[in-house]
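Inspection log for the structure reproduced underneath, given as structure tokens.
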Amino acid sequence: MEGRAAGGAVAAAPECRLLPYALHKWSSFSSTYLPENILVDKPNDQSSRWSSESNYPPQYLILKLERPAIVQNITFGKYEKTHVCNLKKFKVFGGMNEENMTELLSSGLKNDYNKETFTLKHKIDEQMFPCRFIKIVPLLSWGPSFNFSIWYVELSGIDDPDVVQPCLNWYSKYREQEAIRLCLKHFRQHNYTEAFESLQKKTKIALEHPMLTDLHDKLVLKGDFDACEELIEKAVNDGLLRGHPWQALSLFRQQNQKPNQGFRCGQSRGQEETSPSECLLKNQLAKGR
1 MEGRAAGGAV AAAPECRLLP YALHKWSSFS STYLPENILV DKPNDQSSRW
51 SSESNYPPQY LILKLERPAI VQNITFGKYE KTHVCNLKKF KVFGGMNEEN
101 MTELLSSGLK NDYNKETFTL KHKIDEQMFP CRFIKIVPLL SWGPSFNFSI
151 WYVELSGIDD PDVVQPCLNW YSKYREQEAI RLCLKHFRQH NYTEAFESLQ
201 KKTKIALEHP MLTDLHDKLV LKGDFDACEE LIEKAVNDGL LRGHPWQALS
251 LFRQQNQKPN QGFRCGQSRG QEETSPSECL LKNQLAKGR
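Residues 1 to 289 in the UniProt record's numbering are what the sequence shown lists, from first letter to last.
Take a look at the structure:
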């Protein structure tokens with residue numbers, strides 16, 4: 001995204017380039033199919049790949065970037081022919097440390113010879129966040145009983161320190177705020193009122209939208225249902241809740257569709273279904289005969 005530098009000049013967008021990495025950890029490997037093989041793209045060499053020792057989970061590769069970066073894309077190279085060990089389903093995680101990662105992608109590869117590039121999640125609330133570790137987790141191969149194979153992996157993104165460092169500072173602050181919100185949520189759920197109020201006053205971090213806090217106070221603490229209804233109506237009028245067209249619910253999606261159930265309360269074929277009150281009345285009359 002372009003921005004304006006001092007003096008009104010248009011600043012160039014950060015350059016997206018290949019990100020060097022090293023193999024950090026792996027779940028297993030089979031024979032000579034070493035994890036390091038994914039560093040080199042050799043589509044005509046069947047042995048140039050990582051292959052897991054089994055397809056029993058968890059199987060994974062953890063890649064470590066040379067330095068923190070905004071990882072925007074991941075590219076998978078493949079063998080020159082279709083292969084049963086290609087990944088039909090996989091997930092990609094990322095984070096600043098290997099113990100705390102965020103899911104960046106859930107997808108799958110086509111069983112062909114073409115490289116595939118995927119965009120990774122790299123923003124939270126429209127703010128870019130950096131990663132130092134990338135974890136690839138195979139879930140299913142094209143041959144269900146076969147081990148997993150990855151032939152080549154390429155990462156691309158932004159590693160310019162002038163761009164990454166502000167994102168890293170923001171991300172550290174964001175994680176701290178989220179941790180405080182989780183504490184506030186825990187304190188309120190367990191009715192630790194003093195701890196909740198003390199932490200909120202000290203940090204000045206709001207747990208949620210003020211309307212939700214007001215709703216919790218009126219509904220959970222005071223049980224004032226009339227006030228809750230007024231609050232919901234106000235939220236609708238203020239545009240805080242999205243409208244939804246009301247429509248009747250029916251057991252039958254199509255007008256001519258017939259129920260797949262037995263006839264109830266003496267209902268015969270071709271008759272309309274008897275209401276519960278009519279059914280009760282008919283039963284009482286039958287008993288009195």
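All C-beta atoms, glycine included, are put in the ideal place defined by N, C-alpha and C.
Owing to the predicted nature of the structure, the values given are computational and were not obtained by experimental measurement.
Specify the secondary structure class of residue 330 as computed by DSSP and reduced to three states. With the chain represented from 1 up to 289, any question about residue 330 goes unanswered, as that position is not in the structure.
Quick check on the burial criterion: 16 or more other C-beta atoms within 10 angstroms. Buried or exposed for V40? exposed
If you measure between the beta carbons of D64 and F133, is that distance less than 7 Å? Position check: residue 64 holds Lys in this sequence, whereas Asp was assumed. Closer than 7 Å, so yes.
What does DSSP give as the partner residue(s) for R242 in the beta ladder? DSSP lists no beta-bridge partner residue for R242.
Could you name each continuous alpha helix (DSSP H) segment of 4 residues or more that falls completely within the region 11-73, going from the start of the chain to the end? none
Does the region 139-150 come within contact of the region 112-127, defined as at least 3 CB pairs closer than 8 Å? no
Is N114 near the ligand NAP - that is, is its Cβ less than 6 Å away from at least one heavy atom of it? For the ligand NAP, the structure offers nothing, since it holds no ligand at all.
Taking DSSP's pairing of strands, which residues face L140 in a bridge? K89
Counting along the chain, where does the alpha helix (DSSP H) carrying residue 319 start and finish? Because the chain in this structure spans residues 1 to 289, residue 319 falls outside the shown range and cannot be described.
Which residues mark the beginning and the end of the beta strand (DSSP E) in which residue 326 is found? No statement about residue 326 is possible, as the shown extent of the chain runs from 1 to 289 and does not include it.
Just the Cα atoms here: how many angstroms apart are D217 and L109? 49 Å
Relative to the C-alpha of I232, which candidate in L61, M211, C16, R188 has its C-alpha closest? M211
Give me the DSSP bridge partner(s) of V163. DSSP output for V163 lists no bridge partner at all.
Check for me: the alpha helix (DSSP H) holding F118 runs from which residue to which? No alpha helix (DSSP H) contains F118, which is instead part of the beta strand (DSSP E) from 116-119.
Compute the distance between the beta-carbons of V137 and K91, then report whether it is under 7 Å. yes
Tell me which residues share the same chain as L19 and place their Cβ nearer than 8 Å to its Cβ, disregarding the 5 neighbours each side in the sequence. L65, E66, A69, V71, L155, S156, G157, D159
If I follow the unbroken beta strand (DSSP E) through V153, where does it start and stop? 152-158
Could you tell me if V164 is buried or exposed, where buried requires 16 or more neighbouring beta carbons within 10 angstroms of its beta carbon? buried
Exposure label - N169; buried when at least 16 CB within 10 Å: exposed
DSSP three-state label for N191, please. coil
Do W26 and K78 come within 7 Å of each other at the CB atom, strictly closer than that value? no
Is it buried or exposed, P35, if we count other Cβ atoms within 10 angstroms and call 16 or more buried? buried
Using the C-alpha atoms, what's the distance from K121 back to S48? 28 Å
Tell me G94's beta-bridge partners as DSSP assigns them. T102, I134
List the whole-angstrom C-beta distance separating K89 from L139, where the pair is believed to meet the contact cut-off of C-beta under 8 Å. Going by Cβ atoms, the distance from K89 to L139 rounds to 4 Å, so yes, they are a contact pair.
Where F129 falls: helix, strand or coil (DSSP): coil
Near E99, what residues of its chain come up, given a Cβ to Cβ distance below 8 Å and the 5 sequence neighbours on each side ignored? none
Name the two residues that bound the continuous alpha helix (DSSP H) containing K234. 225-237
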